[in-house]
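Engineer: Mind having a look at this structure? Questions to follow.
Protein chains: 2
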Amino acid sequence: MQKLIECVPNFSEGRRVAVIQKIASAARKIRGVEVLDVEWDRSHNRSLITIVGAPEPVFRAVFATIKTATALIDMKKHKGEHPRIGATDVVPFVPVAGTTLKECVALANKLGRKIAKELKIPVYLYESAARKKTRVNLADVREGEYEGLLTEIRTNPERIPDYGPAKLHPTAGAVVVGARKYLVAFNVNLDTHDIAIAKKIASRIREKNGGLPKVKALGFKVEGYAQISMNLVDFEKTNFDEAYRAIEKEARKFKVGIKSSEIYGMVPLASVVKAIAATFKTKNFQADQVLEKRLYE
Amino acid sequence: MQKLIECVPNFSEGRRVAVIQKIASAARKIRGVEVLDVEWDRSHNRSLITIVGAPEPVFRAVFATIKTATALIDMKKHKGEHPRIGATDVVPFVPVAGTTLKECVALANKLGRKIAKELKIPVYLYESAARKKTRVNLADVREGEYEGLLTEIRTNPERIPDYGPAKLHPTAGAVVVGARKYLVAFNVNLDTHDIAIAKKIASRIREKNGGLPKVKALGFKVEGYAQISMNLVDFEKTNFDEAYRAIEKEARKFKVGIKSSEIYGMVPLASVVKAIAATFKTKNFQADQVLEKRLYE
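So the protein sequences, as listed, match chains A and B.
Everything in the first sequence is counted per the UniProt record's numbering, starting at 1 for the first residue and increasing by one.
Everything in the second sequence is counted per the UniProt record's numbering, starting at 1 for the first residue and increasing by one.
Following this line, the structure appears as structure tokens:
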């Protein structure tokens, strides 16, 4: 089975399209990776590039994008609505197939060392790669943003980076590197206009309130209907089919049915296969049985 | 979207492994195809090679295997339990993704012409490519086998081939070429030892008795439990999730539950995605959202 990871580096450039394309090109030049998506937002002045492939080529492609962004983006001139501390702002490694979170943590560390050594940029490790509790949440690491960190990194021992100098790179700032599980975005629309029901169900199923493990959920009104919008942050713990059934059960208590659901964005084949296996009690159904999977191996 | 077809040529050789490997190698040499599987059976003295890719390379790979088999297999010496009329016995083209049955019928005709012209072997068209009702079923086309067809093809106007000479090739016999939909093999095991229930449900759900379209079903006893074994010959008409729910509903009438199910062999991503969309009412869920699919395109 081919090892497959995803990496979605975020860059502080969402206006100069030529710069964004140069950064993406740096990744595309590496054999063995696919650049699945390049997105940017003018008001956030921010872009993100989705790179998928085996760990080694993805690592090389990501470093190439960071090196390019370092040369082309000047944080002293950067303005945007979205919080950020560096030209390359956040770099999460995500296991997709045949790999573990642990391997992605190791990659995050390897990348941190390389950025520090070759580009002289300070690196913070976050989420599963974090070495301090205070660095698990990205928002905490980005506290004060580029402008605040300019002084803080030198004066506050709490802000000393995990790799590299205790001093921001003059134009590139700092980089946050980490590892996390694949996030599946899943929404369920109820057959009611009563948003209160969606909010109640969301509150019952979210992990924080003792609901389903690794599920974040909120109730909304979307196109007039009550929607439970979820982030499944570890589909091996709670997959979308399990969330669906839990919501179906709760909704029944309000005598409400499910109108539709929505898998938002990309989903790993493993999540789809797991949903099939659980729902139809299929013995040993595996991703390898999906014909298309055999074509890229 | 990449066009994807499958072709599974069957050869009358299941004992000389070196010959089988040479035939498979001929396909592997063609760029743009994957040889997913090579299987053989000594007592049937027969092998089959599963080739997947875009239509043009698959066509070339299949012709290369047929040419090789023609050079290496002598039907005058062939003995085996399985019915057969030629060194290359049957060649079905199957649409997998982004292609239609109609395109596969056109490929079958193109291959038939090429076999007749370049290899001087008579060709019969079967299943969806058949031009006569009497040639839809493979068993009818193979009536009398190689030995019987030696005379029949010359004396019986009913047996005149669709392409090529009305005379068997001295060593390669004749070839049956055709097109059919992808077949999904799906079994459902009931939570009962009573095989009569499986037979009753199978009889109710099969198309022949007015049940689900394009479903063939039989009741068996497997490992002590009642099993409904199905061939879903057109998953766009009846997919495995629909068959599962129909069986679940029928079983309830006997107060019996479903113990497990089994997707046997390979299944196209389109079938899996369709099952997810139907079961979870997902709006617009598409194969393109499955991350791995993007890697081979």
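Idealized CB from N, CA, C, for every residue including glycine.
Is it right to say A:N137 is buried, meaning 16 or more other beta carbons lie within 10 angstroms of its own, or is it exposed?
Structural biologist: Result: exposed.
Engineer: What does DSSP give as the partner residues of B:Y182 in its beta bridges?
Structural biologist: Paired residues: none, contrary to the question.
Engineer: Which of the residues in the stretch 247-269 of chain B, read from start to end, lie with their CB under 8 angstroms from any CB of chain A?
Structural biologist: From the stretch 247-269 of chain B, only I258, K259, S260, S261, E262, I263, G265, M266, V267, P268, L269 have a Cβ closer than 8 angstroms to chain A.
Engineer: Straight-line CA distance for B:P268 to B:T100?
Structural biologist: Their Cα atoms are separated by approximately 14 angstroms.
Engineer: Could you check the C-alpha separation between B:N10 and B:A166 for me, to the nearest Å?
Structural biologist: Answer to the nearest angstrom: the Cα atoms are 22 angstroms apart.
Engineer: Is it buried or exposed for A:G224, if we count other Cβ within 10 angstroms and need 16 for buried?
Structural biologist: Looking at its Cβ environment, which holds fewer than 16 other Cβ atoms inside 10 Å, A:G224 is exposed.
Engineer: Which one or two residues does DSSP pair with A:M230 in a beta bridge?
Structural biologist: Per DSSP, A:F186, A:A217.
Engineer: Would you mind stating whether B:T171 and B:D74 have Cβ atoms separated by less than 7 angstroms?
Structural biologist: Yes, these two residues count as a Cβ contact at 7 angstroms.
Engineer: Along the chain, where does the beta strand (DSSP E) containing B:A97 start, and where does it finish?
Structural biologist: Run containing B:A97: 88-97, per the beta strand (DSSP E) assignment.
Engineer: Can you have a look at A:G211 and say buried or exposed, based on whether 16 or more other CB atoms are within 10 angstroms of its CB?
Structural biologist: It is buried - the Cβ of A:G211 has at least 16 other Cβ atoms within 10 Å.
Engineer: Can a CB atom of chain B be found closer than 7 angstroms to the CB of A:V35?
Structural biologist: Cβ-Cβ to chain B under 7 angstroms: no for A:V35.
Engineer: Does any CB atom of chain B fall closer than 7 angstroms to the CB of A:R294?
Structural biologist: So, interface residue.
Engineer: Beta carbons nearer than 7 angstroms to chain B: which residues of the stretch 102-131 of chain A have them?
Structural biologist: Within the stretch 102-131 of chain A, no residue qualifies.
Engineer: If we call anything under 7 angstroms between Cβ atoms a contact, is B:P83 one with B:E158?
Structural biologist: Against a cut-off of 7 angstroms, the Cβ pair of B:E158 and B:P83 comes out as no contact.
Engineer: Candidates A:F93, A:G98, A:I115, A:L119: which alpha carbon is nearest A:L107's?
Structural biologist: Here the closest residue by C-alpha is A:F93.
Engineer: Just tell me which of B:A278, B:R15, B:I51 has its CA closest to the CA of B:G32.
Structural biologist: B:G32 has its Cα closest to that of B:I51, out of B:A278, B:R15, B:I51.
Engineer: Compare the C-beta of B:F285 against all C-beta atoms of chain E and say whether one is closer than 7 angstroms.
Structural biologist: Here the protein chains are A and B, and chain E is not one of them.
Engineer: Taking Cβ-Cβ distances shorter than 9 angstroms, what residues in chain B pair up with A:L218?
Structural biologist: Near A:L218 there are no residues of chain B at all, since even the closest Cβ is about 19 angstroms away, more than 9 angstroms.
Engineer: A:A179: which of A:S128, A:T68, A:A27, A:K208 sits nearest, CA to CA?
Structural biologist: When each option's Cα is compared against that of A:A179, the closest is A:S128.
Engineer: Comparing alpha-carbon positions, which option in A:V141, A:D162, A:E250, A:G98 lies nearest A:A116?
Structural biologist: When each option's Cα is compared against that of A:A116, the closest is A:D162.
Engineer: In the DSSP assignment, find the unbroken beta strand (DSSP E) run with B:L125 in it and report its ends.
Structural biologist: First-last of the beta strand (DSSP E) with B:L125: 123-127.
Engineer: Can you have a look at B:S43 and say buried or exposed, based on whether 16 or more other CB atoms are within 10 angstroms of its CB?
Structural biologist: So B:S43 ends up on the exposed side.
Engineer: Assign B:E158 to one of three DSSP states: helix, strand, or coil.
Structural biologist: Looking at B:E158 - three-state DSSP - the assignment turns out to be helix.
Engineer: Among all the DSSP beta bridges, which residues are the ones paired with B:T238?
Structural biologist: Per DSSP, none; premise fails for B:T238.
Engineer: So the beta strand (DSSP E) A:V141 belongs to, where does it begin and stop?
Structural biologist: A:V141 -> not in any beta strand (DSSP E); alpha helix (DSSP H) instead, spanning 138-141.
Engineer: Determine the burial state of B:E250: buried for a count of at least 16 other Cβ atoms within 10 Å of its Cβ, exposed for fewer.
Structural biologist: Buried: at least 16 other Cβ atoms inside 10 Å.
Engineer: Would you call the CB atoms of A:A97 and A:T65 closer than 7 angstroms?
Structural biologist: Result no, Cβ atoms of A:A97 and A:T65 do not sit closer than 7 angstroms.
Engineer: From this set, A:D288, A:D89, A:K114, A:C104, which residue's C-alpha is nearest A:A139's C-alpha?
Structural biologist: Answer by Cα proximity: A:D89.
Engineer: Look up A:R46 in the DSSP assignment and say whether it is helix, strand or coil.
Structural biologist: Here A:R46 sits in strand by DSSP.
Engineer: Can you confirm whether the stretch 34-49 of chain A touches the stretch 8-22 of chain A when touching is taken to mean that 3 or more C-beta pairs between the two stretches lie within less than 8 angstroms?
Structural biologist: Output reads yes: the stretch 34-49 of chain A touches the stretch 8-22 of chain A.
Engineer: Going by the beta-carbon positions, is the gap between A:K259 and A:N189 smaller than 7 angstroms?
Structural biologist: Cβ atoms of A:K259 and A:N189: closer than 7 angstroms.
Engineer: Are the CB atoms of B:F254 and B:I195 nearer to each other than 7 angstroms?
Structural biologist: No. Outside cutoff.
Engineer: Out of A:N209, A:N45, A:N231, A:H193, which one is the CA nearest neighbour of A:K221?
Structural biologist: Ranking the options by Cα distance to A:K221, first place goes to A:H193.
Engineer: Which chain A residues sit within Cβ distance under 8 angstroms of B:K281?
Structural biologist: The contacting residues are I258, K259, S260, S261.
Engineer: What's the C-alpha gap between B:C7 and B:V184?
Structural biologist: Taking the straight line joining both Cα atoms gives about 15 angstroms.
Engineer: With a threshold of 7 angstroms between beta carbons, is A:Q289 in contact with chain B?
Structural biologist: At least one chain B Cβ lies under 7 angstroms of A:Q289.
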